[in-house]
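J.:
Numbering (this note's numbering), first residue to last: 4 to 89.
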């Protein structure tokens with residue numbers, strides 16, 4: 004998405020710092036309606052799968068003390084979880 008990083012920033016600062024959504028949208032030059040449309044969107048299955056895979060990679064990275072390269076990481080994930088063929 005074109006403005007996704009802006010939307011994520013708005014969401015963070017609104018929930019954590021209680022900043023005004025209206026003010027942030029004006030500063031970032033995006034429509035408030037576009038932000039709310041993004042906020043209430045249905046997340047596609049591909050994006051959900053990517054989120055789950057990223058969490059799995061973070062878990063393996065911490066478990067093996069950050070020593071696995073991308074090839075070994077892919078090998079561990081492929082051995083453990085058949086749905087992910089990297």
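Where is the CB? At the ideal position from N, CA and C, for every residue including glycine.
None of these values were measured; they are calculated from a predicted model.
Alpha carbon to alpha carbon, what distance is there between residue 50 and residue 80?
T.: Distance between the alpha carbons of residue 80 and residue 50: 18 Å.
J.: Can you look up residue 60 in the DSSP assignment and give me helix, strand or coil?
T.: The answer is helix: DSSP assigns residue 60 an H, G or I state.
J.: Output the distance between the C-alpha atoms of residue 33 and residue 44, rounded to the nearest integer angstrom.
T.: When rounded, the distance between both Cα atoms is 17 Å.
J.: Look at residue 41 and residue 15 and say whether their C-beta atoms are less than 8 Å apart.
T.: Not closer than 8 Å, so no.
J.: Could you work out which residue in 31, 27, 23 and 20 is closest to residue 5 when comparing CA atoms only?
T.: Cα-wise, what sits closest to residue 5 is 31.
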